[in-house]
Structures are given as structure tokens and as C-alpha cells.
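Position in the sequence shown counted from 1, then plus 196, gives you our numbering.
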Amino acid sequence: MWLVVGLGNPGPEYAGTRHNVGFMVVDRLARDLGITVDRVFLRALVGQGQVAGQSLVLAKPLTYMNRSGEAVAALLNWYRLTPAHLLVVSDDLDLPTGRLRLRKSGGHGGHKGLRSIIELAGSREFPRLRVGIGRPAGPGHEVVDWVLGRFTEEESPLIEKAVADASKAVQVALTRGLDAAMNLFNAGRV
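Structural data, given as C-alpha cells:
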């Protein structure tokens, strides 16, 4: 069994913001796999299904970004999963808009949602798929305003493609392995 968690903030005021790209990927993955993610369980919206005969839980924490680890740790405990069977999808300021980067493990890189998960799950040894949202350009641009802002008209097609590709990357990772997914999607061969 796998637990795939998309990071974001709950509520309509955050829908479509850069920080919610993890939620967007889980929604797309749910649509692609025919899974409904609408049950509130352990402070997350969850849905269960199958991918290539494997059980899969999709989750969107309702704890707000900085406390994502509270929901993720509870879900790991409930399903008796180790962090090795957790795949987290998050936004990343240090990647160009629309670029994907899948890794088997790593640090939080300053991302407060990943930091919370690492602290509360007690491990940094879990796969993560980061979706680039770029950084604000020029002086006077605050990072918090950027991540809580919406994508521009120019960025929207890049993000739509990235979300679709991220759904495919998760499916490849779960069915063919992380190495195969990293080879395909980190190099942008899709």
C-alpha cells in the first residue's frame, strides 16, 4: 500500500494558489485513477483505490501547510505504513515554473510543510515530487505573497502540463518504481 499526500491549504481562498499545487496533483491523480477524495479522516481529505493491483490512499491534509505532518503522521500510523511507502507532492520555489523533480528522500529545503512531515514522521527517508512554482522576481516581492498568489496567465499552461505530468510520474513511480519515474520525469522526457 502507498500513501500519496499532496500539500496545500484547505479552503476556497487558497484554491488555485501556487502553494496548493500538491492538492492540484492529488485531484488530477484521483481523476485519472477514478478515486474520490472526499472523506474527512484524521484531519485530511482522503480517498482509497487501486493502481496496478496495489492499494493506494490519496490525501490532502486539512491542517494547513505548516502543520501537514500532523495529518501525515496520523495517516502513516493508522495504515501502519513506513515513510518509505509515503510519497509527498509539494510546490518548490527553487524550480522553474512547471518543472518536476522526483527524489527518493532528502531534506525539507526550507519548505515548512515538508519540515513538519519530517519532524512528525521522524524520518526524511520518503519519496517526494516537487513541482516548480519559480521565485518572485525583483525587489519588493515577498515570498509569502508569491506562494499564496495565483498563477499568471502565462504560467497557467505550464502548471496545467506539470500537474498532468506529475499525475503520470506518481503512477509510474508506484507501478514501475521510483528510478523509472525519475529517469522519465526529472529529465523532462515526457
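Glycine included, C-beta positions come from ideal geometry on N, C-alpha and C.
The beta strand (DSSP E) enclosing residue i, as first and last residue numbers
{"i": "Val221", "result": "Careful: Val221 lies outside any beta strand (DSSP E), inside the alpha helix (DSSP H) at 217-229."}
{"i": "Asp287", "result": "282-288"}
{"i": "Val339", "result": "No beta strand (DSSP E) holds Val339; the alpha helix (DSSP H) holding it covers 339-343."}
{"i": "Val233", "result": "Premise fails: Val233 is in no beta strand (DSSP E) and is neither H nor E."}
{"i": "Gly243", "result": "240-247"}
{"i": "Leu203", "result": "Here Leu203 belongs to no beta strand (DSSP E), and DSSP marks it neither H nor E."}
{"i": "Leu252", "result": "250-257"}
Contact belief for residue i with residue j at Cβ below 8 angstroms, rounded distance in angstroms
{"i": "Pro292", "j": "Leu203", "result": "Rounded, the Cβ-Cβ distance is 19 angstroms, inconsistent with contact."}
{"i": "Leu296", "j": "Ala376", "result": "The Cβ separation is near 14 angstroms, so there is no contact."}
{"i": "Val327", "j": "Ala358", "result": "5 angstroms"}
{"i": "Ile329", "j": "Val217", "result": "6 angstroms"}
{"i": "Leu316", "j": "Gly265", "result": "3 angstroms"}
{"i": "Ala365", "j": "Leu325", "result": "6 angstroms"}
{"i": "Val200", "j": "Leu254", "result": "5 angstroms"}
Counted within 10 angstroms of its Cβ, other Cβ atoms place residue i as buried (16 or more) or exposed
{"i": "Asn205", "result": "buried"}
{"i": "Pro279", "result": "buried"}
{"i": "His337", "result": "exposed"}
{"i": "Ala333", "result": "exposed"}
{"i": "Met378", "result": "buried"}
{"i": "Trp166", "result": "Missing from the structure shown is residue 166; the chain here goes from 197 to 386 and no further."}
{"i": "Val236", "result": "exposed"}
{"i": "Thr371", "result": "exposed"}
{"i": "Gly294", "result": "buried"}
{"i": "Gly373", "result": "exposed"}
{"i": "Thr232", "result": "exposed"}
Where the alpha helix (DSSP H) containing residue i begins and where it ends
{"i": "Ser301", "result": "Ser301 -> no alpha helix (DSSP H), and no H or E assigned at all."}
{"i": "Pro353", "result": "351-372"}
{"i": "Ala387", "result": "There is no way to answer for residue 387, as the model of the chain reaches only from 197 to 386."}
Contact test: residue i Cβ vs the ligand MG heavy atom, cutoff 8 angstroms
{"i": "Met261", "result": "Of ligands this structure carries none, so the ligand MG is not represented either."}
>> In chain order, what are the residue ranges of uninterrupted beta strand (DSSP E) at least 3 long that sit wholly in the stretch 305-333?
In response: 324-328
>> For the pair the stretch 289-304 and the stretch 320-328, tell me if three or more CB-CB distances fall below 8 angstroms.
In response: Taking 8 angstroms as the limit for Cβ pairs, the verdict is that the stretch 320-328 does touch the stretch 289-304.
> Touching or not, the stretch 310-317 and the stretch 332-351, by the rule of three or more beta carbon pairs under 8 angstroms?
Replying inline: no
> Are the stretch 242-251 and the stretch 279-293 in contact at 8 angstroms, needing three or more beta carbon pairs?
Replying inline: no
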